[in-house]
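K.L.:
Residue numbering for the sequence shown is 9 to 272, as defined by this note's numbering. Cβ atoms here follow ideal geometry from the backbone N, Cα and C, with glycine treated the same way.
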Amino acid sequence: MAYENIQVAIEEGIALITISREKQLNALNKATLLELSRALDELAPRAKPEGDVRALIVTGAGEKSFVAGADIGEMASMTPVEGLEFAKLGHGLFAKLEALPIVTIAAVNGFALGGGCELAISFDLIYASERARFGQPEVNLGIIPGFGGTQRLARLLGKQRAKELIFTGELIDARRALEIGLATGVVAPEELIAHARRVAKTIASRGPLAIAQAKRAIEWGADGDLRASNELEQQSFALLFGSEDQKEGMRAFLEKRPASFKGR
Ligand code: CAA
9 MAYENIQVAI EEGIALITIS REKQLNALNK ATLLELSRAL DELAPRAKPE
59 GDVRALIVTG AGEKSFVAGA DIGEMASMTP VEGLEFAKLG HGLFAKLEAL
109 PIVTIAAVNG FALGGGCELA ISFDLIYASE RARFGQPEVN LGIIPGFGGT
159 QRLARLLGKQ RAKELIFTGE LIDARRALEI GLATGVVAPE ELIAHARRVA
209 KTIASRGPLA IAQAKRAIEW GADGDLRASN ELEQQSFALL FGSEDQKEGM
259 RAFLEKRPAS FKGR
């Protein structure tokens, strides 16, 4: 399927989506959000545990920016109703990302601001180039984060650090992002995609059902109380004993050979 604002490439079981509005620093307008959403829908059947796509990496086109936020030109004249529709579009997309049963990696090659930072924190892992800069500068525009920043950032960093970023609107560099737990790792710009691919490949070689269940337990569990979430973990753990992958994984260990997982 053809896209105007993104590029999608699938290679060796790893999907790479590049957000390609370089002139606007890859800002997210409605059309781009819709294309991303469509791309995830198209990927979903192949991203099932038995499917052939085991990881998703998303990056920004060019050297300067991952995503510089939601498109300010498009937002400038929005009414409250349109603002709500726009926020729902972003939230829907990011929820789809979180629900994918494969590992998702943001390869943050430059500015990850506003909706771009919110996009990044919807991924399982965030690798940042040394050139990356993160921030939630919405208050400079008289608005607040609208794609989940007030919620996901506070859960990821704690309320105080989230408030510091959101209230000041100031940008932080990749090292600081790593220090506060906003980035998973920092690598040289020319190494970024190769590093993301390496991690993706490692995870893709593990039991796909196990990755899917671990992701589900972490995602759902993080929102729940400890007792219910521990119960969820036990159910997920138990479920895996009905899979061929569990038999194969344990047999392979005992036979001292690498496991060959089928995702079933
Ligand atoms: N939306 C639309 N266009 C954008 C954009 C955005 N978020 N960010 C950058 N651009 C455009 C600029 O308007 C400019 O276009 P022209 O060449 O046509 O003038 C082009 O990208 C290059 O940008 P700059 O000339 O500004 O580049 P710079 O290197 O001087 O500055 C920057 C880079 C610091 C990222 C600066 O562009 C900037 O501050 N951008 C806005 C960042 C921002 O406020 N993001 C949050 C948006 S609100 C949001 O995301 C709400 C939400 O939570 C859903």
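Put L42 into one of helix, strand or coil per three-state DSSP.
P.N.:
Three-state result, L42: helix.
K.L.:
Taking all protein chains shown into account, decide if N13 is buried (16 or more other Cβ within 10 angstroms of its Cβ) or exposed.
P.N.:
Per the 10 Å Cβ criterion, buried.
K.L.:
Quick one: what's got a C-beta closer than 7 angstroms to A267's C-beta in the same chain, skipping five residues either side?
P.N.:
Counting only Cβ-Cβ distances below 7 angstroms, and skipping sequence neighbours, we find E256, G257 and A260.
K.L.:
Using the three-state DSSP reduction, which class does G248 fall into: helix, strand or coil?
P.N.:
What sits at residue 248 in the sequence shown is Leu, not Gly. L248 falls in the helix class under three-state DSSP.
K.L.:
Between T192 and L133, is the Cβ-Cβ spacing less than 8 angstroms?
P.N.:
A contact, by the Cβ cut-off of 8 angstroms.
K.L.:
So, are the CB atoms of A218 and G21 less than 8 angstroms apart?
P.N.:
No, the pair does not count as a contact, with Cβ atoms beyond the cut-off.
K.L.:
CB-CB under 6 angstroms to K171, same chain, minus the five flanking residues each way: which ones, in chain order?
P.N.:
The answer is none, since no qualifying residue turns up.
K.L.:
P153: beta carbon under 7 angstroms from a heavy atom of ligand 2?
P.N.:
Ligand 2 is absent from the structure shown, which contains only ligand 1.
K.L.:
Could you check if K167 is buried or exposed, using at least 16 other CB atoms within 10 Å of its CB as the buried criterion?
P.N.:
K167 should be labelled exposed.
K.L.:
Rounded to a whole number of angstroms, what is the C-alpha to C-alpha distance between G124 and I151?
P.N.:
For G124 and I151, the distance between alpha carbons rounds to 15 angstroms.
K.L.:
For Q254, which of helix, strand or coil comes out of DSSP?
P.N.:
Helix.
K.L.:
Does the stretch 63-82 touch the stretch 24-44, meaning 3 or more C-beta pairs lie closer than 8 angstroms?
P.N.:
Touching, yes, given that three or more Cβ pairs across the two stretches are closer than 8 angstroms.
K.L.:
Assuming V61 contacts A103 under a Cβ cut-off of 8 angstroms, what Cβ separation, rounded to an integer in Å, is found between them?
P.N.:
Actually they are not in contact, since the Cβ atoms of V61 and A103 sit about 19 angstroms apart, beyond 8 angstroms.
K.L.:
I need the straight-line Cα distance from R235 to P197, nearest angstrom please.
P.N.:
Those two C-alpha atoms are separated by around 42 angstroms.
K.L.:
Any heavy atom of ligand 1 inside 7 angstroms of the beta-carbon of D79?
P.N.:
It does: the Cβ of D79 is within 7 angstroms (strictly closer) of some heavy atom of ligand 1.
K.L.:
Just how far apart, CA to CA, sit P109 and G215?
P.N.:
Approximately 12 angstroms between the Cα atoms of the pair.
K.L.:
To the nearest angstrom, how far is it from the Cα of E178 to the Cα of G143?
P.N.:
Rounded to whole angstroms, E178 to G143 spans 6 angstroms at the Cα level.
K.L.:
Helix, strand or coil for G68 per DSSP?
P.N.:
Strand.
K.L.:
Using the Cβ count rule (16 or more neighbours within 10 Å means buried), how would you classify D49?
P.N.:
When all chains shown are included, D49 counts as exposed.
K.L.:
Thinking just about the alpha-carbon of each residue, which of S244, D253 and I201 is nearest to the one in L64?
P.N.:
If we check each option's Cα against that of L64, I201 comes out closest.
K.L.:
Applying the criterion that 16 or more other CB atoms from any shown protein chain within 10 Å of the CB defines a buried residue, is P145 buried or exposed?
P.N.:
Answer is buried; the Cβ neighbour count reaches 16.
K.L.:
Are there three or more Cβ pairs, one per stretch, closer than 8 angstroms when the stretch 223-235 is compared with the stretch 72-82?
P.N.:
With a cut-off of 8 angstroms, the stretch 72-82 and the stretch 223-235 do not count as touching, because too few Cβ pairs lie within range.
K.L.:
Is G70 near ligand 1, judged by its Cβ being under 7 angstroms from some heavy atom?
P.N.:
Not under cutoff, so the answer is no.
K.L.:
Can you name, in chain order, every residue of its own chain whose Cβ lies under 6 angstroms from the Cβ of E241, other than the five neighbours on each side?
P.N.:
Excluding sequence neighbours, E241 sits near A225.
K.L.:
Output yes or no for whether 8 angstroms exceeds the beta carbon distance between A220 and P53.
P.N.:
The answer is no: Cβ separation not under 8 angstroms.
K.L.:
With respect to 7 angstroms, is the separation between the Cβ of E126 and the closest non-hydrogen atom of ligand 1 below this value?
P.N.:
Checking the Cβ of E126 against ligand 1 gives yes.
K.L.:
In chain order, which continuous runs of the beta strand (DSSP E) of length 3 or greater are located wholly inside the stretch 142-197?
P.N.:
Whole beta strand (DSSP E) segments, 3+ residues: 193-195.
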